[in-house]
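Engineer: The structure under discussion is supplied below as structure tokens; questions concerning it will follow.
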Amino acid sequence: MKKIVMMTLALLFCGVHGFGQGVIQIKGSDTMINLVQRLAEVYMEAHPDASIAVTGGGSGVGIAALIANRVHIADASREIKPKEIAMAKENGVVPYEIAIAIDGLCVIVNEANPIKSLTMSQIGQIFRGEITHWKELGGKDLPISLYGRQPNSGTYVFFMEHVLGNKDYSPRMKRMNGNAQIVEGIISDKAGIGYVGVGYVYDDKGNIRQGLKVLPVAKDEKSEPVTPLVAENVKSGKYPIARALYQYTNGKPKGAVKAFIAFELSPEGQKIVEEMGFYSVAGKYLENNKKAGF
Amino acid sequence: MGLKSRVRWRQVKEKCIAQFFQWNGILAIVVLFGIFSLLLLEGIPAVKALGLKEFLFSDHWDPTSPERESYGILALLVSTFMVSFGALVITIPIGIATAAYLAEVAPPRIRELVKPMIEILAGIPSVVVGFLGILVVGPVITRLFHVSHGLTALNGAVLLAVMALPTIISISEDAIVSVPHEFKQASLALGATRWQTLTQVTLPAAASGIFASVMLGMGRAIGETMTVLMACGNAPSMPRGYLDSIQTMTATIAIELGETVQGDIHYRSLFVIGFLLFVMTFVVNLISDLVLEKYRRMWQR
Chain V
0 MKKIVMMTLA
10 LLFCGVHGFG
20 QGVIQIKGSD
30 TMINLVQRLA
40 EVYMEAHPDA
50 SIAVTGGGSG
60 VGIAALIANR
70 VHIADASREI
80 KPKEIAMAKE
90 NGVVPYEIAI
100 AIDGLCVIVN
110 EANPIKSLTM
120 SQIGQIFRGE
130 ITHWKELGGK
140 DLPISLYGRQ
150 PNSGTYVFFM
160 EHVLGNKDYS
170 PRMKRMNGNA
180 QIVEGIISDK
190 AGIGYVGVGY
200 VYDDKGNIRQ
210 GLKVLPVAKD
220 EKSEPVTPLV
230 AENVKSGKYP
240 IARALYQYTN
250 GKPKGAVKAF
260 IAFELSPEGQ
270 KIVEEMGFYS
280 VAGKYLENNK
290 KAGF
Chain P
0 MGLKSRVRWR
10 QVKEKCIAQF
20 FQWNGILAIV
30 VLFGIFSLLL
40 LEGIPAVKAL
50 GLKEFLFSDH
60 WDPTSPERES
70 YGILALLVST
80 FMVSFGALVI
90 TIPIGIATAA
100 YLAEVAPPRI
110 RELVKPMIEI
120 LAGIPSVVVG
130 FLGILVVGPV
140 ITRLFHVSHG
150 LTALNGAVLL
160 AVMALPTIIS
170 ISEDAIVSVP
180 HEFKQASLAL
190 GATRWQTLTQ
200 VTLPAAASGI
210 FASVMLGMGR
220 AIGETMTVLM
230 ACGNAPSMPR
240 GYLDSIQTMT
250 ATIAIELGET
260 VQGDIHYRSL
270 FVIGFLLFVM
280 TFVVNLISDL
290 VLEKYRRMWQ
300 R
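Same order as they appear, the protein sequences are chains V and P. Just so you know, we're using numbering that gives the first Met the number 0 here: the first sequence kicks off at 0 and counts up by one. Just so you know, we're using numbering that gives the first Met the number 0 here: the second sequence kicks off at 0 and counts up by one.
Here's what the structure looks like:
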């Protein structure tokens with residue numbers, strides 16, 4: 000009896016005090032959860048002694064957990080904010096940034112939507128609530144139905160900063176719980192428009208999901224619209240809503256955490272990244288990763 | 000052991016048990032006040048810093064806005080009332096009709112079959128009901144009202160109606176059953192039909208019990224989170240009608256608490272919403288309790 004009580008207390012204590020030594024705790028971005036889970040599965044198959052737990056909640060939640068020193072790795076689909084770095088340092092946490100994949104953020108509509116492409120400024124106006132009707136864009140006679148993420152999402156923040164010009168989203172935008180929910184919403188909503196990571200527009204066989212249309216996006220009126228479905232467009236920066244998917248650690252990664260991240264960045268890991276629909280790390284992000292020792 | 004000591008032992012034991020129950024009762028009160036003061040203490044700094052005016056009259060809720068952080072809860076409050084009210088409009092007629100049928104008309108065999116089923120309905124997890132909203136109710140709304148999507152206030156109202164139904168049925172049924180037989184017999188003896196007896200004698204006599212059941216159902220609807228989070232679209236704008244997407248107070252807390260930093264204004268303002276919710280459900284439950292108590296005394300002889 001006494002033993003059971005002690006064990007329960009010990010478990011409770013572990014729960015409250017965050018993480019034990021054996022398991023690598025990863026938390027954060029919903030965009031990255033499937034990807035990182037897959038990477039962890041493959042890694043654990045090859046390394047039976049390794050144990051990795053991946054949970055979601057959104058980039059904001061992951062970074063908040065890193066600041067509170069409750070996880071080893073925070074997944075984030077946006078860069079950590081200066082305010083968050085300051086709060087982390089107050090807690091004695093020093094965030095290190097590693098890009099593990101590149102994402103072309105896709106603007107998606109229902110397949111029945113006749114719109115062929117949009118410019119960045121049009122997308123900004125749509126999500127700020129300044130354009131409210133598809134007719135204004137030469138589309139059908141339907142009011143636009145907006146799908147976005149919730150404020151704890153890195154995608155929400157990234158899209159707001161880079162597409163809306165750091166202005167408010169329309170309060171009429173539906174705040175969905177995850178990328179998959181947005182995709183489901185758009186598939187059943189003829190007037191819908193939303194944004195998701197490129198890994199979420201494919202089905203199991205690698206085709207675009209039925210009922211979904213990924214819009215090519217033009218930087219401005221003069222530029223050609225570019226699709227995010229071609230790796231080259233996203234990696235070269237020709238596609239205007241490209242971003243890195245990051246992992247943050249407390250201090251330079253070492254030991255088991257370092258070994259796992261090294262696997263993610265290895266050719267084998269990067270192949271999984273591509274299989275999941277995202278793009279392998281390239282260019283300036285490789286430089287940046289060197290600072291963290293990779 | 001002698002008889003005397005055995006009696007004394009039993010007295011001590013009984014005293015201990017009585018004490019134990021008393022302390023449990025006190026614990027419940029302590030927890031209630033604890034929650035109340037926690038919400039109050041965590042919320043007050045936000046009201047002090049922003050002013051009550053910001054909460055009550057600024058146009059919308061957007062604490063992470065890059066332009067102007069706003070904390071207007073009016074749209075959230077209206078949304079919560081809209082789904083709860085809509086749910087009651089749907090659930091009251093169905094609930095009372097079912098209760099009256101079960102209490103007055105149904106043969107015992109059907110009654111024994113239906114009652115446990117309704118109780119099972121009460122046990123369905125709200126996440127599952129939310130699924131139902133996305134997969135079934137949403138598409139039906141889309142088709143019936145020719146709108147592009149079904150993630151609307153109406154969807155939430157329909158689901159909350161289903162969830163409030165068991166409460167309303169079982170408490171109303173109790174109320175109808177406990178109307179004294181003499182009332183009905185007198186009415187029937189005067190030549191009233193069974194329908195007249197039901198609508199003009201039995202139901203009015205059970206009115207306060209039925210009212211209490213409705214208030215309890217409403218309390219459930221106001222506090223429900225997961226279902227409305229999944230089915231209503233979560234657009235924090237002021238709703239223009241039942242076919243708009245809405246975000247309730249509960250959904251706001253559920254969505255935003257995870258990412259806030261403990262102690263900052265955004266975090267504390269969520270406690271203000273929590274406090275308001277607490278007060279609302281408390282008042283609703285209190286009213287139903289008072290009415291039920293009065294009702295009980297009325298038939299006590």
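Note that beta-carbon positions come from the ideal geometry of N, C-alpha and C, so glycine has one too. Since this is a predicted model, take the numbers as computed values, not measurements.
Please report the straight-line C-alpha distance between histidine 161 of chain V and cysteine 231 of chain P, rounded to a whole angstrom.
Structural biologist: Taking the first sequence and counting its residues from 1, one reaches residue 161 of chain V at position 162. Taking the second sequence and counting its residues from 1, one reaches residue 231 of chain P at position 232. The straight-line gap from Cα to Cα measures roughly 28 angstroms.
Engineer: Are any of the Cβ atoms in chain P nearer than 9 angstroms to that of tyrosine 168 of chain V?
Structural biologist: Taking the first sequence and counting its residues from 1, the one referred to as residue 168 of chain V is at position 169. It does: the Cβ of tyrosine 168 of chain V has a partner Cβ on chain P nearer than 9 angstroms.
Engineer: Which chain P residues sit within Cβ distance under 7 angstroms of aspartate 188 of chain V?
Structural biologist: Start at 1 with the first residue of the first sequence, and residue 188 of chain V comes out as number 189. By Cβ distance, chain P contributes Ser147 and His148.
Engineer: Closest to serine 244 of chain P by CA distance: which of V/Arg174, V/Glu223 and V/Gly276 is it?
Structural biologist: Taking the first residue of the second sequence as position 1, residue 244 of chain P is located at position 245. Minimum Cα distance to serine 244 of chain P is reached at V/Arg174.
Engineer: Specify the secondary structure class of tyrosine 238 of chain V as computed by DSSP and reduced to three states.
Structural biologist: Taking the first sequence and counting its residues from 1, the one referred to as residue 238 of chain V is at position 239. Three-state result, tyrosine 238 of chain V: coil.
Engineer: Rounded to whole angstroms, what's the CA-CA distance from proline 142 of chain V to threonine 151 of chain P? Just pull it up for me.
Structural biologist: Position 143 of the first sequence, counting from 1, holds the residue named residue 142 of chain V. Position 152 of the second sequence, counting from 1, holds the residue named residue 151 of chain P. Taking the straight line from one Cα to the other gives about 15 angstroms.
Engineer: Measuring only the C-alpha atoms, how far is serine 116 of chain V from proline 215 of chain V?
Structural biologist: Position 117 of the first sequence holds residue 116 of chain V. Position 216 of the first sequence holds residue 215 of chain V. Those two C-alpha atoms are separated by around 5 angstroms.
Engineer: Taking 9 angstroms as the threshold (C-beta atoms), are alanine 220 of chain P and leucine 159 of chain P in contact?
Structural biologist: Locating residue 159 of chain P in the second sequence gives position 160, counting from the first residue. Locating residue 220 of chain P in the second sequence gives position 221, counting from the first residue. Yes, the Cβ-Cβ distance between leucine 159 of chain P and alanine 220 of chain P is below 9 angstroms.
Engineer: Whole-angstrom Cβ separation of alanine 253 of chain P and threonine 224 of chain P, contact assumed at under 8 angstroms?
Structural biologist: By one-based count along the second sequence, residue 253 of chain P stands at place 254. By one-based count along the second sequence, residue 224 of chain P stands at place 225. Contact flag correct, Cβ pair sits at about 5 angstroms.
Engineer: Looking only at its chain, what residues have a beta carbon closer than 8 angstroms to the beta carbon of glutamate 53 of chain P, apart from the 5 residues adjacent to it on each side?
Structural biologist: Position 54 of the second sequence holds residue 53 of chain P. Once the five neighbours on either side are set aside, the close Cβ partners of glutamate 53 of chain P are Ser69, Tyr70 and Gly71.
Engineer: Which residue's Cα is closest to the Cα of glycine 218 of chain P: P/Phe84, P/Ala205, P/Tyr266 and P/Phe19?
Structural biologist: For the purposes of this step, residue 218 of chain P is identified with residue 219 of the second sequence, where counting begins at 1. Of P/Phe84, P/Ala205, P/Tyr266 and P/Phe19, the residue nearest in Cα terms is P/Phe84.
Engineer: Any idea if lysine 14 of chain P is buried or exposed, counting beta-carbon neighbours within 10 angstroms, 16 or more meaning buried?
Structural biologist: Residue 14 of chain P sits at position 15 when you count from the first residue of the second sequence. With fewer than 16 other Cβ atoms within 10 Å, it is exposed.
Engineer: DSSP three-state label for aspartate 61 of chain P, please.
Structural biologist: Here the question's residue 61 of chain P lines up with position 62 in the second sequence. Looking at aspartate 61 of chain P - three-state DSSP - the assignment turns out to be strand.
Engineer: Using Cβ-Cβ distances below 7 angstroms, what residues of the stretch 255-285 of chain P are close to chain V?
Structural biologist: Hits within the stretch, in order: Glu255, Gly257, Glu258 and Val260.
Engineer: Would you mind sorting aspartate 219 of chain V into buried or exposed? The rule is 16 or more other CB atoms within 10 Å of its CB.
Structural biologist: On the first sequence, position 220 is the one that residue 219 of chain V refers to. Its Cβ having fewer than 16 others within 10 Å, aspartate 219 of chain V is exposed.
Engineer: Using DSSP's beta-bridge definition, name the partner residues of tyrosine 70 of chain P.
Structural biologist: Counted from its first residue, the second sequence places residue 70 of chain P at position 71. DSSP lists P/Trp60 as partners of tyrosine 70 of chain P.
Engineer: What does the alpha-carbon distance come out to for the pair cysteine 13 of chain V and alanine 67 of chain V?
Structural biologist: As a working note, residue 13 of chain V is residue 14 in the first sequence. As a working note, residue 67 of chain V is residue 68 in the first sequence. Caution applies to cysteine 13 of chain V, whose pLDDT of 44 falls short of 50 and renders its modelled position unreliable; the value that the coordinates give is listed next. For cysteine 13 of chain V and alanine 67 of chain V, the distance between alpha carbons rounds to 15 angstroms.
Engineer: Quick check: what's the CA-CA separation for serine 186 of chain P versus glycine 222 of chain P?
Structural biologist: Here the question's residue 186 of chain P lines up with position 187 in the second sequence. Here the question's residue 222 of chain P lines up with position 223 in the second sequence. For serine 186 of chain P and glycine 222 of chain P, the distance between alpha carbons rounds to 41 angstroms.
Engineer: Would you say alanine 45 of chain P faces chain V, with C-beta separation under 9 angstroms as the test?
Structural biologist: Numbered from 1 along the second sequence, position 46 holds the residue referred to as residue 45 of chain P. Judged by the 9 angstroms Cβ criterion, alanine 45 of chain P is not in contact with chain V.
Engineer: Please check if any C-beta of chain V sits within less than 9 angstroms of the C-beta of leucine 51 of chain P.
Structural biologist: What you label residue 51 of chain P is simply residue 52 of the second sequence in a count that begins at 1. Leucine 51 of chain P does not count as touching chain V.
Engineer: Would proline 81 of chain V be called buried (16 or more neighbouring beta carbons within 10 Å of its own) or exposed?
Structural biologist: Within the first sequence, numbered from 1, the residue matching residue 81 of chain V stands at position 82. By the 10 Å Cβ count, proline 81 of chain V comes out exposed.
Engineer: Could you work out which residues of chain V lie near alanine 234 of chain P, taking near to mean beta carbons separated by less than 9 angstroms?
Structural biologist: As a first step, residue 234 of chain P is located in the second sequence; it is residue number 235 there, counting from the start. Correct list: Leu145, Ser169, Pro170, Arg171, Met172, Lys173 and Arg174.
Engineer: CB serine 212 of chain P to CB glycine 122 of chain P, shorter than 9 angstroms?
Structural biologist: Your numbering for residue 212 of chain P matches position 213 in the second sequence. Your numbering for residue 122 of chain P matches position 123 in the second sequence. No. Outside cutoff.
Engineer: Just how far apart, CA to CA, sit glycine 57 of chain V and alanine 27 of chain P?
Structural biologist: Here residue 57 of chain V refers to the residue found at position 58 of the first sequence. Here residue 27 of chain P refers to the residue found at position 28 of the second sequence. Taking the straight line joining both Cα atoms gives about 36 angstroms.
Engineer: Relative to the C-alpha of phenylalanine 158 of chain V, which candidate in V/Val195, V/Gly254, V/Ile130 and V/Ser187 has its C-alpha closest?
Structural biologist: On the first sequence, residue 158 of chain V is found 159 positions in, with the first residue counted as 1. Per the C-alpha coordinates, the member of V/Val195, V/Gly254, V/Ile130 and V/Ser187 positioned closest to phenylalanine 158 of chain V is V/Val195.
Engineer: Is it a yes or a no for the stretch 107-123 of chain P touching the stretch 181-197 of chain P, going by three-plus beta-carbon pairs under 8 angstroms?
Structural biologist: no
Engineer: I want to know whether the stretch 271-287 of chain V touches the stretch 234-253 of chain V - three or more CB-CB distances under 8 angstroms.
Structural biologist: Yes, the stretch 271-287 of chain V touches the stretch 234-253 of chain V.
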